[in-house]
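Data block below; observations after.
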Amino acid sequence: MPGNGLRMVLLEYTSAGRLHEALFQEHIATVGEPSGTKVAEGGAVGYFDMRIARYILGCCCAAVLCATAFSQSLTWLGTLGGSRSEAWAVSADGSVVVGSAQVGNQLRAFRWTAQTGMQDMSTLSGEFAARGVSADGSVIVGYAHPTNSNRYAFRWTQATGMVNLGTLGGIWSEARGVSADGTIITGYAINTQFQRRPFRWTQATGMQDIAPASFDRGEANAIAFNGSAIVGEVEARVPLAQ
480 MPGNGLRMVL LEYTSAGRLH EALFQEHIAT VGEPSGTKVA EGGAVGYFDM
530 RIARYILGCC CAAVLCATAF SQSLTWLGTL GGSRSEAWAV SADGSVVVGS
580 AQVGNQLRAF RWTAQTGMQD MSTLSGEFAA RGVSADGSVI VGYAHPTNSN
630 RYAFRWTQAT GMVNLGTLGG IWSEARGVSA DGTIITGYAI NTQFQRRPFR
680 WTQATGMQDI APASFDRGEA NAIAFNGSAI VGEVEARVPL AQ
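The sequence shown begins at 480 in our numbering and counts up one residue at a time.
Structural data, given as structure tokens:
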């Protein structure tokens with residue numbers, strides 16, 4: 480976990496059969512849920528400086544922010560006019576939250592701050608989602624799938640908007656994580672053999688396949704703060720014994 484000392488976000492099942500996240504720091508405290516809301520399940524997606532970005536699953540979904548980890552209050556981040564929103568990542572100081580929200584029958588990428596509220600990052604019709612954010616909140620990554628176009632990983636800044644990071648020769652890519660300084664991005668992309676492959680992207684190298692050729696498919700799901708380590712999953716065919 481980032482920061483000093485032993486701090487972990489744990490998943491906790493309550494006696495009522497609900498799933499909550501709990502923060503461990505010498506003792507466990509349940510984060511809780513907004514009062515008056517029936518919650519079927521909750522999941523923590525980020526932890527930085529005593530703040531947690533999370534989503535609530537129930538009759539409707541809304542992204543919420545826990546301002547202090549040991550308080551029982553949660554703040555709704557709202558929606559973009561639809562009935563569902565999910566937070567996927569949070570900046571290092573907890574001030575910027577990114578994710579996706581439903582608008583009609585489309586999914587839209589959002590950026591939230593206390594000053595601006597939830598803002599739609601998408602400028603085209605189609606499906607979009609923000610999946611990662613840099614430490615200072617200035618760089619956001621995710622995927623864009625404009626109507627009548629292929630799905631591609633994007634890197635967003637206020638100055639550039641959504642920049643297409645390309646693919647590995649196929650028709651699909653998605654960014655899942657970004658380093659603290661926003662320079663290294665990871666995720667997965669389809670190659671020319673229609674295989675899902677984990678990638679590492681920088682401005683200098685472009686998108687690079689980081690899995691050995693012997694693996695059939697894989698995904699990179701997260702990256703270390705300094706970009707030195709990437710984690711995910713890979714699959715390979717194992718020959719049957721004769």
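All residues carry an ideal CB built from backbone N, CA and C; glycine is no exception.
| Query | Result |
| --- | --- |
| Proximity winner among A659, L556 and E653, relative to P677 (alpha-carbon distances) | E653 |
| 7 angstroms Cβ cutoff met for W680 and I664 | yes |
| L644 vs M686 beta-carbon contact at 7 angstroms | yes |
| Residues of its chain near T602, where Cβ-Cβ distance is below 8 angstroms and the 5 sequence neighbours each way are ignored | G640 and M641 |
| Inter-residue spacing [alpha-carbon to alpha-carbon] between S613 and R716 | 35 angstroms |
| Distance between R630 and G578 (C-alpha atoms, nearest Å) | 17 angstroms |
| Burial state of E712, where buried means 16 or more other Cβ atoms lie within 10 Å | exposed |
| Separation of A568 from T558, as counted between CA atoms | 16 angstroms |
| For T592, the first and last residue of its enclosing beta strand (DSSP E) | Q585 to T592 |
| Where the beta strand (DSSP E) containing Q674 begins and where it ends | Premise fails: Q674 is in no beta strand (DSSP E) and is neither H nor E. |
| Distance, A690 Cα to A723 Cα | Any property of residue 723 remains undetermined from this structure, which presents the chain solely from 480 to 721. |
| Selection from T636, A632 and V657 that minimises the alpha carbon distance to A668 | A632 |
| Cut-off 8 angstroms between Cβ atoms - residues of its own chain near G515, not counting five sequence neighbours on either side | The predicted model places G515 with a pLDDT of 40, which falls under 50 and marks its position as unreliable; any figure quoted below should be read in that light. Excluding sequence neighbours, G515 sits near nothing in its chain. |
| Through-space distance from E565 to R696, alpha-carbon basis | 27 angstroms |
| I709 - partner residues in DSSP beta bridges | I702 |
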